[in-house]
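Chains as they are written, first to last, in our numbering: chain A, 687 to 1335; chain B, 44 to 446; chain C, 63 to 219.
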Amino acid sequence: MNLLGGRPWTLVGPLSKGTIESVILSPVLFSRARPWLPPLTGVLLTLPVLAQAGEETHLGAWLHTISNLEGPVALDFTPSGSLWVVEADGGRLSLFSSSGTLGTRLESKTPWLAPMGVAADTRLYVSDPARRRVMAIGVDAWRDADTVLQGPEGFCQPGALDAREGRLVVTDPLGGRVILLHGSKRLELGADLLSEPTGACLDDEGGIWISDAARARVEHFDPDGNHAGGFGDYGAFRGLLAAPSGIAWWNHRIFVADRDNHRISVHTEAGDLLYTVGMHAIWPREGEGLLHYPSALAVSHDGTRMAVAEPLDGRVQVFSRAMGAEPTIDPLRRTTPQAAAHYGPAIRAAGNWMLLVEPETQSVLLHDRRREEAPIELTSFGRRGHVLGRWAHPSGIWLDMETRMAWITDPSAGIMDQVLLRIDPKAPLNQHLGAAAWIRRMDLRALDRELGGISVFHDPRPTAICRREDKTYVIDEANRCVLVIDQAGNCIKVLGAGVLLRPMDLCFDPAGTLWISDAWQGRIVGLDPVSGKIRGNRGLGALRRPDGVCSDAEGRLFVSDRAANRVLRFDSYGTLDLSIGTEGLGPEGLLGPRGVSIGQNGNLTVVDHSNHRCMVFTPDGEFVRAYGSKLHVRPAMKPEIYDEQGKKR
Amino acid sequence: MSVTLRCWLSLALGLGIGFSLISCGPGNEPKEDQAWPLELLRRLGPLPPLPPDPTNRVADDPAAAHYGQWLFFDKRLSGDGKISCSTCHDPDHGFSDSRSIALGRGLGERHAPTVIGAGYQRWLGWGGRADSLWMQALGPMENVVEMAGDRDAIAALVRQDPDLRRAHQDAFGELPEDVDALFVQLGKAIAAYERLLIRKGSPFDRWVRATLDLPEGDAEAMNAEQLRGLRIFLGPGRCTLCHLGPTFSDLEFHNNQLPVHADGPRDDPGRYRGAELVQASPFNAAGPHSDAPNGEAAQRVRALIQTSESYGEFRTPTLRNLARRAPYGHQGQFPDLSSVLKFYNTLEDQDVRSHHQEQLLRPLRLDQASLDALEVFLLALEGGDLPEELTRAPAAPFRDQDR
Amino acid sequence: MRHSTRILSACLVLNCLWFGACNDKQQDPQEQHSARQTPADEIQGSPTLKADANAQGFQLELITSPHPIPLNEDFSLRFRLLDASGQPLDDSLEHIALDADMPEHGHGMKVAPVLSQDEGWIEATPLLFHMPGIWEIYVDHTQGHVTERAQLSFRVF
């Protein structure tokens, strides 16, 4: 089947967006660039011979990079070696040739609203979590498209896919399970085992391999859906996994996109580590085999290429085979510098204090902002685990200065914690190790499923939080609503059900309207917190993927748009009156901005997530300062000129 | 906040955290006329009697120890007949060896730790893969890069060799039919011998006896430089965060980001793997071969937490009897004591690769004179020599009086 | 050796890490503990330490054995939870968790104590505080969908 052909596809001109960054052609050039890596020339040609001769090869030599993509979250090779890439932020699918040239681009919003997974078999399968369905698309026309799976009863929302010889596996990361479709058969896997299955693949015997990001595990199921083992444990060292997000199987090897470890790890089916590919890209936009939050991967059918998607950097890196059992480690990067704190995505400020999540350590950081030049970290609390005081993945945060309380949600575990910060906000600046005392934890999954008169289908996933007048407003990503929780921990109301598609963040304006950013609808929705009625909309047509939202004392709304790399300001009448930031690293530069927060002095802090820093602007958008990793702060404080790949000119 | 509570905090900080956090820059060096922290000194010495090992009923049996001493030096226990326990635990090198990475039948992955004072340990091996001396002794015999033997061949040797058989019967009675049971008894005999390898009466022990008003003390046993080193050890050196206890070790595991030796593995799971191995082994304190399967050690190994937070953690080594057992570190990374101290002073070449390493580790920034004093003090932990007859193979596997 | 080191072992920290104003709605948990400690109330030679849960949903009574807690030696605990009227909570072990941590170090114990019930008290063994410094013992109780924590702070040296 030729998935390249077919008139009804929406065709976009070749090389219009996706461009190939460079291709290694010469062993001399290559050895100059990366002298510790083996030359590639001739490897592909001689590979079959080497393999026959019993020589070891590995799949992990950087070949080329497809850049300028809009949030690539999934990819799959066709049998002929072309590569389908889902660009989630662009709402489109792109097909690249084996040399990285853009061939076809499907941009119609008709069949899907927010594509998230792709699998190329005899048909092309695309998951659309916004509409809670998986579509199969024929080769000839959209009219061949049909829905092969539809929620919400069957699953929460579909994510990654894989298809092989008529079998289709669909992950449901928010629902904590995986569905296997084979003809008329439908099997549900791992409902009692999996927590956040973000990747799935099929082996040539029909077995299913699942990467479970929250549990840092790979699980194996036999063709009948029985659990057949697994491997993995959380950690940063080789052989351990941190948020394994994508998975591929080839010739009894398991390839795992180990997202938070910034590497690919290759295992035997028994789980033994064979080798790792890539290491943390530290300098802005570092590539050529260095990785930054790799979220999905695919291996070509002949096993000669591996494609790795890095959504935060908008690129796909393609690797080929090389001789040797594993890639040679760059001796200069053998010991990496102290890993910089990666902020975000959430941020909340109150008084002098500011709360941030540090994803690599699964902890929450409390900063004091009395020093103008840079906030001081007062304490950090929480770490990886399941008992009180530990989290799988802290996400939503809230801070109250009057009571010195912090609230933290963990969507993977469905919990919300309340923590007392035993620090005097007026005391001289100092570090306060161990200052957090846990007050209580609420398990939102144990709530009554008839919440406020509305039936809730799925286990709540609390991703963001804000508080007002002793009530807690929690975004439930799974049920696409806002849960209102009283002081006793009871859910007393559900807001936004049927209105919201992908609620990301929420805040109150001074008039008491609850504003919720909705990434998939590209708007901010204002709700009456009592009646739940819509009071207003902001940003339709202007926002692409709105994320963080906050309000200042004048009722102006600031909304980050992570796909457009900017923050928009709406005045209290709803008029868009300011755009802050452009893509880049300079003083106005943003890349994937997420959380936003207004401080005591009215300044706006933006979590510049992909740049690993926070940016501070005046309410009128003037750059004040940046802080975070020096490497990323320096270009903002001392503007330097970078090219589009982030290389200093 | 009441004044009382403030005072409590001051007291707590002064006693505990304060001594370990003060840096030793000019002006805050430990003062020579300061009173000694007696509570802390009591935790360090003098070397107390060896704790019993209820999991080994012959732990303190002389016949078993004599037999174990023979086995310790007997190369026939190895696969090729060329390696014994003493190959890597050489009496001439402080019952360690002079190599960074141990070399048995093949190149190992870690430095050979000393056996002297091993009877005080809670866990054996750098990663703590054993919870008793006898369990530890079984591992190298079958490890392919150590002695590369196998228990069936070893059991056959004991059954066939009349001297070994006689010695075995003297220590344990009739030989058991079960190979595992016989194999375990060999480990228990070797453990009984190793428990005798204790060097008492170090200058520090004699000095601390006098300071604590205990008998057999000698207030002059340590000179002024050694005493200055002791004050740094107790204070700005922050050494007692881990090196606390009569063996100058907390007996537990830490990831101190030591540099990787060129011959050693870059990724060594350390305690992460050790905890898994000891808990899964039938030879642990809770297993069927233990003589106290419900004792304290058994409870502890059952309750052991297996978590990847312990990846890269290694057991705190004893600081007693350092002089003859260079190099130092779990991969023998440091050729001498001064390079160990230099590492903790500067943290140069530290191996930072995760977010789960020891949070309290930071450069000590001591001056050279302080480092020199610290090194001189560490050498004051050298105990008296072992009896010569314990440092070589005995004339026969059984004792004369047992004939 | 064991006896002597026990004598030398631990002392309960009655202070708190924060010196700020105490008129907030939520009191500092460790201050609550210090206020409620009643060393005179002894069982088998060890004082019964008391603490309100951090959200005041229950009270904790706890006895360490031995007391004070020894550094780097196994010890055990007996504890029970009381409701607002001072009556022991009759709850199954699956709703109760015990843990300990060194908050300044960012790590906890290397052993997970086993809990067992005995005439209204819960016994936890073994525990081991292997490093000197401040340790916190946590007792968590789950009722419905809410888990509350009570904690006590110790300095062990």
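Just so you know, even glycine gets a beta-carbon here, dropped at the ideal spot from N, CA and C.
Query                                                                                                                                                              : Result
What separation, rounded to the nearest whole angstrom, lies between the Cα atoms of C/D145 and C/E123?                                                            : 11 Å
Quick one: list the residues of chain C neighbouring B/I348, beta-carbon separation under 8 Å, in chain order.                                                     : M171, K172, V173 and A174
So with Cβ pairs under 7 Å, would you call A/R971 a contact of chain C?                                                                                            : no
Helix, strand or coil for B/R252 per DSSP?                                                                                                                         : helix
Does DSSP put B/V201 in a helix, in a strand, or in coil?                                                                                                          : helix
According to DSSP, is A/L799 part of a helix, a strand, or is it coil?                                                                                             : coil
Determine the burial state of C/K172: buried for a count of at least 16 other Cβ atoms within 10 Å of its Cβ, exposed for fewer.                                   : buried
Taking only runs that begin and end inside the segment 1112 to 1191 of chain A, name each unbroken alpha helix (DSSP H) of 4 or more residues, in chain order.     : none
Give the residues of chain C in contact with B/D293, contact being defined as C-beta atoms less than 8 Å apart.                                                    : N134, H192 and M193
For B/T157, tell me which candidate among B/L277, B/G260, B/Q212 and B/T359 has the shortest Cα-Cα distance.                                                       : B/T359
Mind checking A/A1011: buried by the 16 CB within 10 Å criterion, or exposed?                                                                                      : exposed
If I measure Cβ to Cβ from A/L926 and keep anything under 8 Å in the same chain, skipping five residues before and after, which residues do I get?                 : A902, G918, D919, Y920 and N947
For A/L788, which residues in chain C fall below 8 Å Cβ to Cβ?                                                                                                     : Within chain C, no residue comes near A/L788; the closest Cβ sits about 47 Å away, beyond 8 Å.
Of the residues A/H1028, A/G1120 and A/D848, which one's Cα is nearest the Cα of A/V1319?                                                                          : A/H1028
Chain B beta carbons: is any one of them nearer than 7 Å to that of C/P188?                                                                                        : yes
Hey, out of A/G862, A/G1270, A/A1239 and A/D1238, whose CA is closest to A/N1251's CA?                                                                             : A/G1270
Three-state secondary structure (DSSP) at A/N1223?                                                                                                                 : strand
Closest Cβ-Cβ distance between A/G921 and chain B: below 7 Å?                                                                                                      : yes
Can the beta-carbon of A/G1208 be found closer than 7 Å to that of A/L1229?                                                                                        : yes
Going by Cα to Cα distance, which pick from A/W1206, A/L867, A/I823 and A/D910 is closest to A/R1248?                                                              : A/W1206
Which class does A/C842 belong to by DSSP, given the choice of helix, strand or coil?                                                                              : coil
With a 10 Å radius around its C-beta and 16 neighbouring C-beta atoms as the bar for buried, classify A/R791 as buried or exposed.                                 : buried
Which residues in the same chain have their Cβ closer than 6 Å to the Cβ of A/I1178, if we skip the five residues on either side of it in sequence?                : V1170 and D1172
DSSP on B/C285, reduced to helix/strand/coil?                                                                                                                      : coil
To the nearest angstrom, how far is the alpha carbon of A/S951 from that of A/Y961?                                                                                : 6 Å
Does any residue of chain C have a CB that is nearer than 7 Å to the CB of B/E339?                                                                                 : yes
Going by C-alpha distance, which of B/E425, B/V101 and B/T130 is nearest B/R435?                                                                                   : B/T130
With a threshold of 16 other CB atoms inside 10 Å of the CB of B/Q374, please say whether the residue is buried or exposed.                                        : buried
So A/M1128 contacts chain C; which residues on that side make the cut at Cβ distance below 7 Å?                                                                    : H207 and V208
Anything in the segment 926 to 960 of chain A with a Cβ closer than 7 Å to a Cβ of chain B? List those residues in chain order, please.                            : L926
Report yes if the C-beta of A/D1096 is less than 6 Å from at least one heavy atom of the ligand MG; otherwise report no.                                           : No copy of the ligand MG appears in this structure; indeed no ligand is present at all.
So, for B/P183: in the same chain, excluding its five sequence neighbours on each side, which residues have a beta-carbon less than 6 Å away from its beta-carbon? : E189 and M190
DSSP has A/G1275 in a bridge; who is on the other side?                                                                                                            : A/T1268
Taking A/V1073 as the query, report the chain C residues whose CB atoms sit under 8 Å from its CB, ordered along the chain.                                        : A159, D161 and D202
How close, in whole Å, do the beta carbons of A/G1182 and A/C1193 come, if the pair is a contact with beta carbons under 8 Å?                                      : 14 Å between Cβ atoms; not a contact.
Pick out whichever of A/Y1259, A/R1255, A/G1260 and A/T1261 has its Cα sitting closest to the Cα of A/G1267.                                                       : A/R1255
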